Every structure is written in C-alpha cells, then in structure tokens.
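Single-structure report; data block below.
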Amino acid sequence: MRITVHRGTKQIGGCVTEYESNGWRLFVDYGEQLPGAPMSDKHLAIEGLTCGDLSKSALLITHYHGDHIGKIAEIAPELPIFMGKISKEIAQGLSAHMSHVSEEQRRIAEHLDSVKTFTAGERFFFGEFNIMPIVIDHSAFDAYAFCIEAQELRVFHSGDFRTHGFRSGKLSAVIEKCVGRVDYVICEATNVNRHDATLMPEYELQREFEKSFRKSKYNVVYVSSTNIDRLFGLYHAALKARRPFYVDSYQKRMMDIVAGRDRIWGKSRLYRYKEGREPIELHRDEANFRINDKFKEFLTDNGYVLIARAGERFDKLLSEMPDAGRRIFLSMWKGYLDKSGSAYSPILEKSVGNDYEYLHTSGHCDMASLEGLFNILKPKAIIPIHTDAPRDFASLFSDKWPVILLDDGEPFSVIRDSGFDNIVAKIIAYQVPDNTFESLENSENLKYWSIDNRILGEFQCWADADFVLRHVEYAPKRLLAYTIESDDDMAPWHYVVYNPDFTINSEYNEGGHEPGGNNYQKEYGFSQGDKILAIVDDVLVPCEVVGPVSVDFMRSNFDKDGYRNEEDFQKYMSRLWDWDWDTVVVHPLVKIKTEFGEISSDTTAQRIYLFPYQELKI
Numbered sequence: 001m002r003i004t005v006h007r008g009t010k011q012i013g014g015c016v017t018e019y020e021s022n023g024w025r026l027f028v029d030y031g032e033q034l035p036g037a038p039m040s041d042k043h044l045a046i047e048g049l050t051c052g053d054l055s056k057s058a059l060l061i062t063h064y065h066g067d068h069i070g071k072i073a074e075i076a077p078e079l080p081i082f083m084g085k086i087s088k089e090i091a092q093g094l095s096a097h098m099s100h101v102s103e104e105q106r107r108i109a110e111h112l113d114s115v116k117t118f119t120a121g122e123r124f125f126f127g128e129f130n131i132m133p134i135v136i137d138h139s140a141f142d143a144y145a146f147c148i149e150a151q152e153l154r155v156f157h158s159g160d161f162r163t164h165g166f167r168s169g170k171l172s173a174v175i176e177k178c179v180g181r182v183d184y185v186i187c188e189a190t191n192v193n194r195h196d197a198t199l200m201p202e203y204e205l206q207r208e209f210e211k212s213f214r215k216s217k218y219n220v221v222y223v224s225s226t227n228i229d230r231l232f233g234l235y236h237a238a239l240k241a242r243r244p245f246y247v248d249s250y251q252k253r254m255m256d257i258v259a260g261r262d263r264i265w266g267k268s269r270l271y272r273y274k275e276g277r278e279p280i281e282l283h284r285d286e287a288n289f290r291i292n293d294k295f296k297e298f299l300t301d302n303g304y305v306l307i308a309r310a311g312e313r314f315d316k317l318l319s320e321m322p323d324a325g326r327r328i329f330l331s332m333w334k335g336y337l338d339k340s341g342s343a344y345s346p347i348l349e350k351s352v353g354n355d356y357e358y359l360h361t362s363g364h365c366d367m368a369s370l371e372g373l374f375n376i377l378k379p380k381a382i383i384p385i386h387t388d389a390p391r392d393f394a395s396l397f398s399d400k401w402p403v404i405l406l407d408d409g410e411p412f413s414v415i416r417d418s419g420f421d422n423i424v425a426k427i428i429a430y431q432v433p434d435n436t437f438e439s440l441e442n443s444e445n446l447k448y449w450s451i452d453n454r455i456l457g458e459f460q461c462w463a464d465a466d467f468v469l470r471h472v473e474y475a476p477k478r479l480l481a482y483t484i485e486s487d488d489d490m491a492p493w494h495y496v497v498y499n500p501d502f503t504i505n506s507e508y509n510e511g512g513h514e515p516g517g518n519n520y521q522k523e524y525g526f527s528q529g530d531k532i533l534a535i536v537d538d539v540l541v542p543c544e545v546v547g548p549v550s551v552d553f554m555r556s557n558f559d560k561d562g563y564r565n566e567e568d569f570q571k572y573m574s575r576l577w578d579w580d581w582d583t584v585v586v587h588p589l590v591k592i593k594t595e596f597g598e599i600s601s602d603t604t605a606q607r608i609y610l611f612p613y614q615e616l617k618i
C-alpha cells in the first residue's frame, strides 16, 4: 500500500489523502482550504482524482464541512464518491441554500445528487479496498472515520473527531469492537497547538445556556447552522428555560433532516422535538423577516431564544425585536473575530458587536483523547494531518509512539510482512528495565537498560525503508539506533545499524563470517578488554570485549551441560548460519537474570549490536 497526503501535512483544512494498492486508488476528502492556508488558490493536479485515469479511483468523504467536501466540483462526474446518508442530505441542504450565491455551490449540489452512501459499521468494498465506516462525534453530524484494508494492511483514518460531544461515550467501545489493532493511524491533530481551544463537554455547555436563558428573557445565539448537535442542545436548553426557540427556514430544514432519525448511537432524545414545541420558523416577506405588532407583543411577554446568522437580514430583525437586557452569545470559533487572523469576518463582527458572551466548545479532540485512541489501535506509527503544528504533535507523542512526519505529496510505501524476502525498518531505543529483570551482581553499580524495539514496517526496497527512518520521530531522549534489515528466505543477508545522526555504526553482509572466511570479524572495531555497550537477550548491558567467537567457544557452550560426542557437535556446527558466526564474545559487567534465565558470564553479542560505552540517561 502507498499512502500519500497530497495536502494537509502542515495545515488545517483542505486535506486530501490517497491510498493506493495495485493501481486502485482511494482518496479521503477533497475540501476547500481555510483562509490563510499556503497557496490557497492552487489547483491540485492529482492522478486518479482531478486528472488522468479515473477508472480505478473513488473518493470517501468523512463529513460535510467545506474544508473536507468543498472541492468536489472539480472532480469529473464519473468518479464515485461515498459519504454517510444523513451527511449527504445535510450537504445537499447547505448547497441548495447557497447555490443562488455561488456557482461552485451549484456545481457541488449537482455532484451530490450522484453520491453513493454507506452505513455505519457495515463494510463495503471498492477494488482492492475493504472499508469499514466508523461513525464518530464531531461538530458535523454523521461524521466518519474509516478503517481501510488492502493487501492485508490495516490503516485507521480518523477524520475530524472529539470525545466531549453528546455522542462520544460509546466511541472507544465502537472502535475497539469494529476496528481493534491496526498497522498505521492517519490522524487529525487540529488542537495540538491551540492552547486556547475550549473543550467543555457539550452537555455542560447546554446546561450553561439553560442557566443563561433562565436569567435573561431575550437571547440571541450566533452558531453555525450545520452544527446540528449545538442547535438541538440550544433547542432543549430553551425548552427547559421556557423560552420560545426561533430559527429561520434553513436552520429548521437542517434540524428536520436529523429529527427523529438518529439510529447510529441508539434512539436519542436529543434529536426529538417535543410535541407541540417544535422550533418556531421565522417567515420572510421577500428579503426580510416578517415581524408585526402582534409578534412583538408575544416576544415581549414570553421572551425568546433566536438562532442568528451574520448579515443585514438578521441585523434588521434584531433591531425590531424587544431588547431590554438582551444577551448575545457567540457559539463558534472565536478566530472569526480576530482582526489579525486570516479567518477574520467583518460581517460577523458587525452583527455580533462588542457586547457578547462567548459560550462554545471545540469540534476537535484534545490530546488526551488522541492518546486514548492510540492505546486502543496500537499502531506501528502515526501520521498526523489536519494540523499546522506537526512537530509539536511529534514532541507530545513520540516518546510512546513513532510519528512519521511527511510533506505534502511524499509517498509512504509499505507492505505486509510476508515472512520472507522483505526489508524491515526498525528503531532501537532503550528504557528502564521492568520487574522481569534482576541484577544479581553489580560491584561497580553500573546501569543497564532493556531494549525497546519498534518495527516501523516491511518494505519492498531499501529506499522505502530508508525514507521512513528519515521521516520518523521516536523516543528522542532514548534513541539508540536505527536499523534496516534485509532477509532472504528468513536468513539475514544485509543489516545496517545507523547512529541517531544516520552515520553508520556497523554493517553486516552475508558471506564468509565463519572462522577462516574472508570476512571473519571484518571491521570488528573493538579490542580485547574494551568497555562497550552490547545488546544481549534484549538487554543493553555494559560489557568487556573478550574477543571474536571461535570454534572452541562454541564447543564449550555445546558441552556446558556435560560432554557430548564429536559427531553431535559437528551436526550442530553444520546447522549454524553465517549470521551465527558474526558475533563477539563479551563479558557482562553486570550479572543479570531475565525471564529467560541468567545471562552467562561470557556470552555472545551480535557484532552489529555493539556500541561504544557511554552513560545513558532517561
């Protein structure tokens, strides 16, 4: 499988991710870039998506937000597009509402007519891909993550998600049941550097609105009309506070699409209208809302909660409504009012004014939620997208999880371990030994460490393995080495151990390492009595070099439990690999007992896993 993030490795929004397997291409999301994104007017020429052969390509849409779906008008009509059923209907409602304003929205609406839909938790197939849609919680209703499988590799594509929404409680259980362990995670990291992001649970936000609506008779809330959970939360808060709840025809349509239809998380009372208390739809006379004396009198007596949008139409309506003690709330990202930011909206600022209260919570997850996700999925590595701070993401998570930092357009190619004839990229780090290790003798009070081996994947060529090692961050304070290991029918033939700076520590090439061979202990690098660090039985232990392995040493080990005859010894010798001879006899300076037994006073360590002695700190 080849994974390419065409856009989104260093920006929020506008992400495009490609999965390719034997000529079949599966793309996830193709949206508008957010204001301020680099090269925001750049048209992407992507083979299989916007140009070239489309016969083996398809597009998955995680949700209906413009930064995920907004560029589908550029796609040829014959390219299959898949999204959730309710998500499609909401997107159609949005495009229909905006089509009179934007030609692009009209073309999006045309594309949406032919979009295919899928069902949460039900696998479907496209070419070589097996796709499991997992419904998640986000500020968009009916949003999805995907478990994508091809060539026996499993990748989890998170989409945008959070764990503090109304419908987040079952997310971990759903992922554990429907997905389980995967090879790689492609993960949103929106909030990694947004330290001011509000992460209040939606139910707490609803309670805060209810309290405010009880205190104030007249209330106006500016909120996204497609933030369905927020709209329903405000609706129920208004009912409990005994305030009439007003929306315009577009907002009502968005709520009607969902009302009484949610079956994804079970039958939820959140998405039901109370009989006789549906949201009250504002009516219009051509350009403006209809308001008369009788309506004003009703508002004066009963109060109101009005869901407003920025612009002259609502501004005019509000100027005619009773306003004594009126409270105005902003319940969307505050960046829209930041004059120094690229997303600044002067229209919103004019409508909201200066005297407003900020009551909002993010549609994206916090870092603890990401950690919980990774603990369930246990990937070999994580690739962050939908973030403007990928290195900050790596600094947060790379002590526990390898993080692959790609640039836009860089392909990451990996295969499933076939058990033979493959190339493996690996990271070797050290860590404090667990309780299965016991120090039996340590007169010099020397430290030793257990080995943390992380296999990043199996690859078809050396260049692909080298690529991932040069793009990964893992355990920067504990990093010992990188390795690339080539196997030929399960037997090693070419290993390279790199230092953290990618200089070569040691190298093994198959052939001639047995006594008398041309390469016997070639580039040995250490002398008898040298103090070194050696990996022995998955322990990084201080040792003294005794010397190269020999036939006599092999015989002494063979006879350790009592003398055995020469014929048996020769049979034993004939079964040894060239790899077995490329070892060095070392004397551990700490006597250690592991779960496999005591490490011998004199033992062997693979030559390539010998390192100059140094004091390592954790």
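Using my numbering, the letters of the sequence shown map in sequence onto residues 1 to 618.
In this text, a Cβ means the ideal position worked out from N, Cα and C, and glycines have one as well.
No experiment lies behind these values; they were computed from the predicted model shown.
Considering only the beta carbon of each residue, do residue i and residue j sit closer than 8 Å?
i      : j      : result
Val423 : Ile484 : The residue asked about is misnamed: residue 423 is Ile in this sequence, not Val. Contact flag set, yes.
Ala622 : Leu54  : Missing from the structure shown is residue 622; the chain here goes from 1 to 618 and no further.
Glu202 : His164 : yes
Asp355 : Ile328 : yes
Leu406 : Ile532 : no
Ile134 : Cys147 : yes
Tyr508 : Tyr520 : no
Tyr222 : Leu359 : no
Ala425 : Leu469 : yes
Ser450 : Ile592 : no
Leu205 : Met1   : no
Glu281 : Val247 : yes
Ile599 : Val539 : yes
Ile347 : Glu320 : no
From the DSSP secondary-structure annotation, give me the bridge partner or partners of residue i.
i      : result
Trp462 : In DSSP, Trp462 forms no bridge with anything.
Thr483 : Lys426, Val497
Asp285 : Asn288
Pro623 : This structure gives no information on residue 623, because the portion of the chain shown stretches from 1 to 618.
Ile385 : Glu188
Arg243 : None, per the DSSP bridge assignment.
Tyr506 : In the sequence under discussion, the amino acid at residue 506 is Ser, which differs from the Tyr named in the question. Paired residues: Val497.
Ile532 : Cys543, Pro612
Tyr271 : According to DSSP, Tyr271 bridges with nothing at all.
Ile618 : Its beta-bridge partners do not exist; DSSP assigns none.
Gly84  : Phe118
Tyr250 : Bridge partners of Tyr250: none, in fact.
Leu330 : Tyr222, Tyr358
Tyr304 : Tyr218
Among the options, which one has its Cα closest to the Cα of residue i?
i      : options                        : result
Tyr344 : Met1, Pro35, Gly31, Gly13      : Pro35
Lys211 : Phe232, Ala238, Gly372         : Ala238
Met83  : Leu377, Phe374, Ile415, Ile131 : Ile131
Ala310 : Ala259, Cys187, Leu171, Glu349 : Glu349
Val271 : Lys571, Arg253, Val258         : Val is not the amino acid found at residue 271; the sequence shown has Tyr there. Measuring from the Cα of Tyr271, the nearest candidate turns out to be Val258.
Thr226 : Met255, Val220, Ala241, Phe126 : Met255
Ser224 : Thr361, Trp401, Phe27, Pro588  : Thr361
Phe393 : Lys591, Arg194, Val5           : Arg194
Gly529 : Gly516, Asp559, Val546         : Val546
Lys217 : Ile280, Leu306, Val192         : Leu306
Glu371 : Gln606, Glu188, Gly409, Gly70  : Glu188
Out of curiosity, what's the CA-to-CA distance linking residue i and residue j?
i      : j      : result
Ala465 : Phe397 : 22 Å
Gln105 : Ser95  : 5 Å
Cys543 : Ser486 : 28 Å
Asp183 : Ala381 : 7 Å
Glu297 : Leu112 : 43 Å
Asp338 : His283 : 33 Å
Val586 : Met554 : 14 Å
Arg7   : Gly335 : 22 Å
Glu620 : Ala109 : Outside the displayed range of the chain (1 to 618) lies residue 620, so it cannot be described from this structure.
Val174 : Asp142 : 15 Å
Below 8 Å on the Cβ atoms is my contact criterion, and I expect residue i with residue j to pass it. Report the Cβ-Cβ distance as a whole number of Å.
i      : j      : result
Thr594 : Phe437 : 6 Å
Ala58  : Cys51  : The Cβ separation is near 16 Å, so there is no contact.
Thr387 : Thr119 : With a Cβ gap of about 30 Å, Thr387 and Thr119 do not count as contacting.
Ile186 : Ile61  : Rounded, the Cβ-Cβ distance is 15 Å, inconsistent with contact.
Arg478 : Ile618 : 6 Å
Val541 : Tyr448 : 5 Å
Tyr250 : His97  : 5 Å
Pro402 : Val472 : 5 Å
His68  : Gly93  : Between Gly93 and His68 the Cβ distance is about 16 Å, and since that is not below 8 Å, they are no contact.
Leu589 : Tyr430 : So it is not a contact: roughly 16 Å between Cβ atoms.
Answer yes or no: the CB of residue i versus the heavy atoms of the ligand NAP, is any distance below 7 Å?
i      : result
Gly341 : In terms of ligand content, the structure shown is empty, and the ligand NAP therefore cannot be addressed.
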